[in-house]
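Peer 1:
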Amino acid sequence: MKYLEKLLNEFPDTPRNIILHADILRRGMKQNPDLTEAGETACITGISTRLQSLISDSKPSPSMFHFKADETSVDIKIDPRSPYEIRKDGDGQYHLFCGDEKFGEVRFTKRPSYTDKKTSDGESCAALLMQRGPFCILVSPLDFCAYYSKGEACKYCVLSAAMDIGIKKKILPPVPDHRTIAEAVAMATEDINLKDLKICGGALYDTKKEAHYYKKCLEAILERIDPPEEITIFSQAFDAEDQKDLKELGATNILFNMEVWNERLWPELLPGKVKAIGREEWINRLIKAVEIFGRGHVGSGFVGGFECAPRPGFLSQDEALNSYLEGFEFLIERGIVPWFTVWTAFSVGGFQVDDPPPTEFYLRLGQGLHELLEKHGVYPDLGFSRMGVNPPTLGLYCYYCFSMTFTRDYPRLIGRK
Ligand code: SF4
-6 MKYLEKLLNE FPDTPRNIIL HADILRRGMK QNPDLTEAGE TACITGISTR
44 LQSLISDSKP SPSMFHFKAD ETSVDIKIDP RSPYEIRKDG DGQYHLFCGD
94 EKFGEVRFTK RPSYTDKKTS DGESCAALLM QRGPFCILVS PLDFCAYYSK
144 GEACKYCVLS AAMDIGIKKK ILPPVPDHRT IAEAVAMATE DINLKDLKIC
194 GGALYDTKKE AHYYKKCLEA ILERIDPPEE ITIFSQAFDA EDQKDLKELG
244 ATNILFNMEV WNERLWPELL PGKVKAIGRE EWINRLIKAV EIFGRGHVGS
294 GFVGGFECAP RPGFLSQDEA LNSYLEGFEF LIERGIVPWF TVWTAFSVGG
344 FQVDDPPPTE FYLRLGQGLH ELLEKHGVYP DLGFSRMGVN PPTLGLYCYY
394 CFSMTFTRDY PRLIGRK
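Counted the way our numbering counts, the sequence shown spans residues -6 to 410.
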């Protein structure tokens, strides 16, 4: 609680739920019987909770919680050392606690009934579909990363290792049949009002082949359902031809995450991506994407703080902060929307849990990014006619899917009545 008080004093102009969001992402959430019980009826297909249950076989907890007051949606990553807990209070409602102090009533996304169903070829919908908020579903046309088996996975990445465990446990095939994915999505739309479809998978050295799987998957889904408001592709940087094909098929947004900005660290940290595409070409393809998809529809994420991990040759925290902000401005000037996630170090990548920088680092970076987005007039491109409101469509600023980053809370919470 003392540390949280310090943060609240140090960032007096930052809305409290942004500070809580950042600190919970950095320090995690304690598992307790109330949270375990909530996991029995809540949506559990979040990225962190799914990874944790794959790696540790633990009972899944809800993938995220939402503050009832303003819908701020926060990813739950279990950490027994965290001061944060969600407990039922005397009124039978769930509240967020830091120590004994209460920080607002919270709720969970209800687990949809399709998650207990199977497709006609016996695949589990829960394994095929990752539901984030009440209206969005993420599917993976490719459930493995080719870099992992060659020892060339991105150094921060736990996803490639988790996908490998999923394949070995036969939870899903490495390339699930796109017709099966489409059938599962169609079953889900009988249950939820799908507004936002996200397609995201592992990676191949041959990005043309990777794009082929994305296109086949999207085609198959749109043969079975009406197009939702937004279709977002998260992938490696595809070339212009593949981008155009995806746009023609109905994709509205494209996200090619660079993950690391520093030019010198790129080959060391992203060996597979360097072989397949390279940093310069990655940036060129992002710039091309703005011509094809338009401003406000192209983005790139970073693993915040990774470049200043306490390792020889890495940057200091101040150097990293300046480097990220320079990179963010470079991208923003070219119509690309950057953001960052709060880095969680899993030992699987050779890093320690205490390697990520403290919450102050992330709050400074978040404030810096927000100021750049304001300075360059980006928020109107993202649908915000004014500050303090939820975005009109989810898309690039979906605060459910992006519950693992607090950067999307600034335009929603600053000036909110
Ligand atoms: S490309 Fe990198 S981030 Fe993506 S799954 Fe492979 S190792 Fe992980």
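Glycine included, C-beta positions come from ideal geometry on N, C-alpha and C.
In the DSSP assignment, find the beta strand (DSSP E) that holds Met251 and state where it starts and stops.
Peer 2: For the purposes of this step, residue 251 is taken as residue 258 along the sequence shown, with counting starting at 1. Segment: none, Met251 is in no beta strand (DSSP E) and carries neither H nor E.
Peer 1: Cβ of Gly343 versus every heavy atom of the ligand SF4: is any distance shorter than 7 angstroms?
Peer 2: Within the sequence shown, residue 343 is the residue found at index 350, counting from 1. Outside the cutoff, so no.
Peer 1: How about Leu284 and Arg272: do their beta carbons lie closer than 8 angstroms?
Peer 2: Within the sequence shown, numbered from 1, the residue matching residue 284 stands at position 291. Within the sequence shown, numbered from 1, the residue matching residue 272 stands at position 279. A small correction: the amino acid at residue 284 is Glu; Leu does not occupy that position in the sequence shown. No.
Peer 1: Could you give the DSSP three-state label for Ile226: helix, strand or coil?
Peer 2: Start at 1 with the first residue of the sequence shown, and residue 226 comes out as number 233. In this structure, Ile226 counts as strand in the three-state DSSP scheme.
Peer 1: Using DSSP with H/G/I as helix, E/B as strand and the rest coil, what is Trp332?
Peer 2: Residue numbering aside, residue 332 sits at position 339 when the sequence shown is read from its first letter. Looking at Trp332 - three-state DSSP - the assignment turns out to be strand.
Peer 1: Quick check for students: name the residue ranges of the alpha helix (DSSP H) that lie wholly in the region 21 to 107, counting only runs of 4 or more.
Peer 2: Fully enclosed alpha helix (DSSP H) runs of 4 or longer: 26 to 31, 40 to 49.
Peer 1: Would you call Met(-6) buried or exposed, if buried means 16 or more other Cβ atoms sit within 10 Å of its Cβ?
Peer 2: Walking along the sequence shown from the start, residue -6 turns up at place 1. Met(-6) is exposed by the Cβ-count criterion.
Peer 1: Are there 16 or more other CB atoms within 10 angstroms of the CB of Thr34, so buried, or fewer, so exposed?
Peer 2: Against the sequence shown, residue 34 aligns to sequence position 41. By the 10 Å Cβ count, Thr34 comes out exposed.
Peer 1: Assuming Ser293 is part of the alpha helix (DSSP H), what are its boundary residues?
Peer 2: Against the sequence shown, residue 293 aligns to sequence position 300. Taken as a continuous stretch (DSSP letters only), Ser293 belongs to no alpha helix (DSSP H), being part of the beta strand (DSSP E) at 291 to 297.
Peer 1: Is Ala411 a contact residue of the ligand SF4, with contact defined as CB to any heavy atom under 7 angstroms?
Peer 2: Missing from the structure shown is residue 411; the chain here goes from -6 to 410 and no further.
Peer 1: Distance check for Met397 and Ser54, CA to CA, integer angstroms please.
Peer 2: Within the sequence shown, the letter at position 61 stands for residue 54. Within the sequence shown, the letter at position 404 stands for residue 397. Approximately 15 angstroms between the Cα atoms of the pair.
Peer 1: I'd like the span of the beta strand (DSSP E) that includes Lys410, first residue to last.
Peer 2: Indexing the sequence shown from 1 puts residue 410 at position 417. Looking at the DSSP string, Lys410 is not in any beta strand (DSSP E), and its letter there is neither H nor E.
Peer 1: Assuming Lys410 and Gly381 make a contact with CB atoms under 8 angstroms, what is their CB distance in whole Å?
Peer 2: Counted from its first residue, the sequence shown places residue 410 at position 417. Counted from its first residue, the sequence shown places residue 381 at position 388. Confirmed, about 6 angstroms.
Peer 1: Compute the Euclidean distance between the alpha carbons of Asp93 and Asp27, then round it to the nearest angstrom.
Peer 2: Indexing the sequence shown from 1 puts residue 93 at position 100. Indexing the sequence shown from 1 puts residue 27 at position 34. Approximately 15 angstroms, taken between the alpha carbons.
Peer 1: Whose C-beta lies closer than 6 angstroms to the C-beta of His363 among residues of the same chain, with five residues either side of it excluded?
Peer 2: Taking the first residue of the sequence shown as position 1, residue 363 is located at position 370. Once the five neighbours on either side are set aside, the close Cβ partners of His363 are Tyr403.
Peer 1: Excluding five sequence neighbours on each side, which residues of the same chain lie with their C-beta closer than 7 angstroms to the C-beta of Pro350?
Peer 2: Mapped onto the sequence shown, residue 350 falls at position 357. Within the same chain, Pro350 has close Cβ partners Gly298, Cys301, Gln310.
Peer 1: Assign Asp136 to buried or exposed, taking buried as 16 or more other Cβ atoms, counted over all protein chains shown, within 10 Å of its Cβ.
Peer 2: Numbered from its first residue, the sequence shown carries residue 136 at position 143. Asp136 comes out buried.
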